[in-house]
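The block underneath contains the structure these notes are about, expressed in structure tokens.
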Amino acid sequence: MTVTNEAEKQARVDALLVQGKNVYQPLYNYPHKPAIGPLRPCLDRCRAVEEAMGDNIEGRKLWDAGCSLGYNTLYFVDRGMIGRGSDIDPRNVSLCQEIQLYTPGSATFVQEELSAETCAQIAPGDFDYAFFFSILHHIVQNKGLKHVQGMMQMLTERIPVLFVELALKSEIPPPGYTWDTYLPDEELAIFETCGALDIQLIGHFATHVGPVPRPLYRVSRKNGGGTS
Ligand SMILES: C[S@@+](CC[C@H](N)C(=O)[O-])C[C@H]1O[C@@H](n2cnc3c(N)ncnc32)[C@H](O)[C@@H]1O
444 MTVTNEAEKQ ARVDALLVQG KNVYQPLYNY PHKPAIGPLR PCLDRCRAVE
494 EAMGDNIEGR KLWDAGCSLG YNTLYFVDRG MIGRGSDIDP RNVSLCQEIQ
544 LYTPGSATFV QEELSAETCA QIAPGDFDYA FFFSILHHIV QNKGLKHVQG
594 MMQMLTERIP VLFVELALKS EIPPPGYTWD TYLPDEELAI FETCGALDIQ
644 LIGHFATHVG PVPRPLYRVS RKNGGGTS
């Protein structure tokens, strides 16, 4: 890429950064200083999830739902996975598409709403792993706990391993947000209707929201669920 092209790209990235609601994530492999810094890091979660995945992730298919600026998708694409990031916010998807060329490998980013309707379109074998990091509380608020329980039922039947980072009812959301009032007391209630699952706690991770760290779980079906 020529210097002019690179300067134009940087200007486009900065323009997208300043026009959005927030800058949630760092820009993976982006070689310039972004106009706005991130609300929270991602490397801590990526390292923990990578360890939980074990070896043999090359060529595995990953779906990162609510991918924000694509950090988590691109981290694993950089390690050989085939990544699909989706987000409801078109500005986030544009940013992902702007920065994805700094990471070799196979990454696709699409604008898409995560809902029971989109989950119903997934077929077994489409993905080996899926991430739902700090997104499900928004859907519990907008569509209700039963809707999300139905989603989790479909997802655990169709994708061998899910990693979920869950907001907690005990958090105090930033001004203007009220998702805490919609959340169940017990965060794993979203899996209550799924039948037998193997749920492992991977760790707790700090957020910009407040002092309460969020749990991140690895979820697979008992009896044969999971990838080897
Ligand atoms: C709190 S951020 C978390 C970002 C990222 N998953 C992480 O943990 O680093 C939530 C993201 O989910 C997206 N989002 C919220 N509701 C969504 C939905 N129903 N479908 C798809 N994306 C959604 C937002 O645009 C935002 O990028």
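Basically this note's numbering = 1-based index in the sequence shown + 443.
All residues carry an ideal CB built from backbone N, CA and C; glycine is no exception.
Extent of the continuous alpha helix (DSSP H) run through Val461: Note, Val461: alpha helix (DSSP H), Val446 to Gln462.
Range of the contiguous alpha helix (DSSP H) that encloses Pro533: Where Pro533 is concerned, the enclosing alpha helix (DSSP H) stretches over Pro533 to Ile542.
Contact set for Val652: own chain, Cβ-Cβ below 7 Å, skip 5 residues either direction: Within the same chain, Val652 has close Cβ partners Glu614, Pro616 and Pro617.
Beta-carbon spacing of Gly513, Gly528 below 8 Å: Contact annotation: Gly513 and Gly528 have beta-carbon atoms nearer than 8 Å.
Separation of Ala550 from Ile542, as counted between CA atoms: So the alpha carbons of these two residues sit roughly 11 Å apart.
Own chain, CB closer than 7 Å to Thr561, minus 5 neighbours either side, in chain order: So the qualifying residues of the chain are Glu555.
Expected contact under 8 Å - CB spacing of Leu459 and Ser537 to nearest Å: Rounded, the Cβ-Cβ distance is 6 Å, consistent with contact.
Ala573 CB to nearest heavy atom of ligand 1 below 7 Å: Ala573 Cβ: outside cutoff for every heavy atom of ligand 1.
Residues that Glu608 bridges to, as DSSP identifies them: The partner list for Glu608 (beta bridge, DSSP) reads Phe576 and Leu659.
For Lys612 and Asp623, the rounded distance between their alpha carbons: For Asp623 and Lys612, the distance between alpha carbons rounds to 5 Å.
Same chain, Cβ closer than 8 Å to Glu501, five either side skipped, listed in chain order: Arg522, Gly523 and Met524, listed in sequence order.
Contact test: Glu614 Cβ vs ligand 1 heavy atom, cutoff 7 Å: Checking every heavy atom of ligand 1 against the Cβ of Glu614, none is found closer than 7 Å.
Backbone secondary structure at Thr551 - three-state DSSP: Residue state, collapsed to three classes: strand.
beta-carbon Asp487 near ligand 1 non-hydrogen atom, thresh 7 Å: No, the beta carbon of Asp487 sits no closer than 7 Å to any heavy atom of ligand 1.
Check: Asn535 C-beta below 7 Å from any heavy atom of ligand 3: Only ligand 1 can be found as ligands here, which leaves ligand 3 out of the picture.
Same chain only: Cβ atoms within 7 Å of Leu598, ignoring 5 sequence neighbours per side: Excluding residues within five positions, the ones whose Cβ falls inside 7 Å are Cys562, Ala573 and Leu605.
CA-to-CA distance, Pro474 to Gln592, given in whole angstroms: Cα to Cα, Gln592 sits roughly 40 Å from Pro474.
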